[in-house]
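Visitor: This is the structure I want to talk about, given as structure tokens.
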Amino acid sequence: MTIVLGILLFGILILVHELGHFLTAKLFGIRVHAFALGMGPAIWKKKWGETEYALRLLPIGGYVKLEGEDEASEDPAAFGNKSPLKRIVVLFAGGFMNILIGFLIFIVLFSSVKQIGVPVVDTVIPDTPAAYAGLCPGDEIIKINGKSIHIQNDMTLAMMKNGADTIDVTVRRGEEKHRMQITPQLDPETGGYVLGFYRQVQQMTPGLAIKTAYHNTFFVVDLVYYSLREMITGHVRIADMSGPVGIVSEMNAVAKSEAPVLNMLNFIALIAVNLGVMNLLPIPALDGGRIFFVLVELIRRKPIKPEHEGLVHFIGFALLILLMLVITFSDIQKMFA
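Now the structure itself:
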């Protein structure tokens with residue numbers, strides 16, 4: 004059942020992603036030759052108008068084939084003959100739709116809880132860094148090291164990035180703002196660094212649910228970039244990453260948790276936002292890589308030859324497939340470890 008659920012999840016996320024490309028392409032009058040879910044041989048296909056719709060055997064992706072996307076075309080309805088802004092919108096729409104679906108799921112998730120912790124001081128623990136710095140009950144944490152804090156997750160990530168170093172904390176106390184330097188202390192139970200206070204808990208309202216979902220979506224975006232930086236700097240290994248096999252395995256663990264429905268919603272939203280952000284990175288073969296080439300065209304004031312861009316995307320695609328195979332092999336090893 005978990006495998007079926009995993010296939011269904013990836014199918015929905017791919018459908019939403021490709022639908023973003025498809026709808027914006029149609030909006031701008033771009034000719035769409037194909038809309039496919041999955042890769043490999045077609046198990047069902049039908050042509051309506053100018054577009055062939057297909058469901059393909061391997062549930063590992065999907066695509067929207069546009070006229071003139073990877074080759075020169077004289078057709079006025081070709082992707083390459085549209086303005087750079089319209090092309091950027093079409094390319095951006097796929098990742099945006101994934102992030103949007105994650106945001107909507109977060110709204111449902113937060114609307115289902117009665118209370119939520121917020122970055123507002125409720126009680127200061129005596130003889131802790133917070134107490135020594137003069138933190139008071141009712142203080143709202145609004146910035147840590149210059150980074151705006153909107154929800155508790157923002158503060159958790161900021162503390163994780165900071166580690167044991169002294170941090171610059173800005174709080175709102177009534178109508179005034181106060182800035183203080185606080186050196187966190189190690190919590191022997193969790194192994195993390197803490198300031199020494201308990202946060203307030205607020206009753207959930209529809210407005211607070213939407214606000215929390217909005218900021219939580221951007222928190223996940225920030226978390227993705229932080230994880231990428233950790234990988235580039237060598238703090239996170241490729242073996243620590245997960246592909247489809249690892250995600251399905253994690254879904255199985257989530258399904259067996261104490262609150263499977265809420266945890267599964269959170270997991271799906273995390274995957275949706277992750278997929279959207281990763282796809283918009285300036286990596287060849289991904290939408291972000293294609294957007295990068297359009298931006299270069301704007302700077303150069305002339306397009307790069309389609310065959311040259313196509314070669315770069317082909318190499319990028321091959322490297323991504325290789326990375327996926329390495330991650331999948333690692334996932335399988337972890338399953339039998």
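Under our numbering, residues 4 to 340 are what the sequence shown spells out, in order.
Using N, Cα and C, we set each Cβ at its ideal position, and we do this for glycine too.
Got a sec, what are the start and stop residues for the beta strand (DSSP E) ASP157 sits in?
Guide: Here ASP157 belongs to no beta strand (DSSP E); instead the alpha helix (DSSP H) covers 155 to 165.
Visitor: Does DSSP put VAL67 in a helix, a strand or coil?
Guide: Note: VAL67 maps to strand in three-state DSSP.
Visitor: Would you kindly report the start and end of the unbroken alpha helix (DSSP H) that includes LEU278?
Guide: Start and end: 263 to 282.
Visitor: Assign LEU198 to one of three DSSP states: helix, strand, or coil.
Guide: Residue state, collapsed to three classes: coil.
Visitor: How far does the alpha helix (DSSP H) with PRO132 in it reach, from first residue to last?
Guide: Run containing PRO132: 132 to 136, per the alpha helix (DSSP H) assignment.
Visitor: Under 8 Å, do GLY32 and ALA80 count as touching if we go by C-beta distance?
Guide: A contact, by the Cβ cut-off of 8 Å.
Visitor: Can you say whether THR193 is buried or exposed, counting buried as having 16 or more other CB atoms within 10 angstroms of its CB?
Guide: Counting Cβ neighbours within 10 Å, THR193 comes out exposed, since fewer than 16 surround it.
Visitor: Under a three-way DSSP split, which group does PRO62 fall into?
Guide: In the structure shown, PRO62 sits in a strand (DSSP, three-state: E or B).
Visitor: Starting from the Cα of LEU18, find the closest Cα among VAL92, PHE99, THR208 and SER86 and give me that residue.
Guide: Out of VAL92, PHE99, THR208 and SER86, PHE99 has the C-alpha closest to the C-alpha of LEU18.
Visitor: Whose C-alpha, out of ASP78, TRP47, THR215 and GLY149, is nearest the C-alpha of GLN184?
Guide: Selected option, being the one with the closest Cα: GLY149.
Visitor: Skipping 5 residues on each side, what residues in its chain have a beta carbon closer than 6 Å to that of ARG293?
Guide: These residues qualify, in order along the chain: LEU94.
Visitor: What does the alpha-carbon distance come out to for the pair GLN188 and MET234?
Guide: If you take the alpha carbons of GLN188 and MET234, they lie about 26 Å apart.
Visitor: Mind the definition here: the region 296 to 307 touches the region 117 to 136 only if three or more C-beta pairs lie below 8 Å; say whether that holds.
Guide: They do not touch, by the three-pair rule.
Visitor: So, does the region 100 to 113 touch the region 212 to 220, judging by three or more C-beta pairs under 8 Å?
Guide: Yes: at least three Cβ pairs fall under 8 Å.
Visitor: Tell me the DSSP secondary structure of ALA81 in three-state form.
Guide: If DSSP states are grouped into helix, strand and coil, ALA81 belongs with coil.
Visitor: Which partner residues does LEU40 have in the DSSP bridge list?
Guide: Beta-bridge pairing links LEU40 to LEU58 and GLY65.
Visitor: From what residue to what residue does the alpha helix (DSSP H) around ASP225 run?
Guide: ASP225 -> alpha helix (DSSP H) spans 209 to 235.
Visitor: Looking at the secondary structure, which residues open and close the beta strand (DSSP E) in which PRO122 lies?
Guide: Counting along the chain, the beta strand (DSSP E) containing PRO122 begins and ends at 118 to 127.
Visitor: By a C-beta neighbour count over all protein chains shown, 10 Å radius and 16 as the cutoff for buried, is PHE222 buried or exposed?
Guide: With 16 or more Cβ atoms within 10 Å of its Cβ, PHE222 is classed as buried.
Visitor: Taking all protein chains shown into account, decide if PRO287 is buried (16 or more other Cβ within 10 angstroms of its Cβ) or exposed.
Guide: PRO287 is buried by the Cβ-count criterion.
Visitor: Note down, in chain order, each residue of its chain lying with its Cβ closer than 6 Å to the Cβ of THR131, except the 5 sequence neighbours on either side.
Guide: For THR131, where only same-chain residues beyond five positions count, the Cβ hits under 6 Å are GLY199.
Visitor: Which value, in whole angstroms, describes the spacing of the CA atoms of THR54 and PHE109?
Guide: One C-alpha to the other measures close to 34 Å.
Visitor: Three-state secondary structure (DSSP) at ARG304?
Guide: Of the three classes helix, strand and coil, the one that applies to ARG304 here is coil, per DSSP.
Visitor: How about GLY23 and LEU40: are their beta carbons less than 8 Å apart?
Guide: Cβ atoms of GLY23 and LEU40: not closer than 8 Å.
Visitor: Nearest chain B C-beta to LYS50 closer than 8 Å, yes or no?
Guide: Among the protein chains of the structure shown there is no chain B, as only one such chain exists.
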